[in-house]
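**Q** The numbering of the sequence shown is the UniProt record's numbering, which starts it at 1 and goes up by one.
No residue lacks a Cβ here, since even glycine has one placed at the ideal position from N, Cα and C.
Let me begin by handing over the structure; questions about it come next.
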Amino acid sequence: MTVKNLFLEHMASWELDLQARGRSERTIKRYRDTITLFAAYQADHDRELKAGKAKPAHIRDFLRKRQTDTSPGNAAIDFRNLRAFYNWLVREEEIKVGKNPMLKVGAPKVPRRTSRARSGAHHRTAQDLQGELIRSAPRPRDHSHPPRQRSARLRPGRTPLHP
């Protein structure tokens, strides 16, 4: 059995578990893609790879390469997918908790997206528009109650304008 097949063997079992837990096909495909890429990356670097043999440095190197080859966002998704996979391996007792390399790997930082300049009409949300409509609508007057009287209290040192 090759290095790649060891990962893919676990991947098949994990896919069954994901399907049983109601994960979408798109999610499962993304998980599969990440695990396949990581297994290929490990094989390309001639690393022995059983489930518990990956080192945190291997994962960090893989994520760094993914950041430069694709984007920081994709690297962050790959990080989450690998973490989910290794957590599943621990739950299934395929590896021991202490052998989970993801425990020592931090998530890649993803820079905030800068929004493109938009015209005011495109930038408003439905709630903004609703609020504007409510504020601009004429308010019905209720004439059944007399207008409120201002408080007769005066601040110290002030005299009333109208005795």
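Which residue spans inside the UniProt domain "Core-binding (CB)" (1-90) form an unbroken alpha helix (DSSP H) run of at least 4?
**A** 3-20, 25-44, 56-69
**Q** Looking at V105 and R60, is the spacing between their C-beta atoms short of 8 Å?
**A** Here residue 60 refers to the residue found at position 60 when the sequence shown is read from its first residue. Here residue 105 refers to the residue found at position 105 when the sequence shown is read from its first residue. Yes; because the gap between Cβ atoms is below 8 Å, this pair is in contact.
**Q** Cα-Cα, which of G52, D78, T70, D44 is closest to I28?
**A** Numbered from its first residue, the sequence shown carries residue 28 at position 28. When each option's Cα is compared against that of I28, the closest is D78.
**Q** Short of 8 Å in beta carbon distance, which residues of its chain neighbour M1, apart from the five on each side in sequence? Order them along the chain.
**A** Taking the sequence shown and counting its residues from 1, the one referred to as residue 1 is at position 1. Since pLDDT at M1 reaches only 41, below the 50 mark, its modelled position is unreliable, and the value read off the structure follows with that caveat. Within the same chain, M1 has close Cβ partners E9.
**Q** Check whether the segment 26-40 and the segment 73-88 touch, using three or more Cβ-Cβ pairs below 8 Å as the test.
**A** yes
**Q** For I134, count the other beta carbons within 10 Å of its own beta carbon; 16 or more makes it buried, fewer makes it exposed. Which is it?
**A** Numbered from its first residue, the sequence shown carries residue 134 at position 134. Exposed is the call here.
**Q** Is it true that the CB of F62 sits closer than 8 Å to the CB of Y41?
**A** Taking the sequence shown and counting its residues from 1, the one referred to as residue 41 is at position 41. Taking the sequence shown and counting its residues from 1, the one referred to as residue 62 is at position 62. In this structure, F62 lies closer than 8 Å to Y41 by Cβ.
**Q** Going by Cα to Cα distance, which pick from R23, A76, A20, L89 is closest to K53?
**A** Along the sequence shown, one-based indexing puts residue 53 at 53. Cα-wise, what sits closest to K53 is L89.
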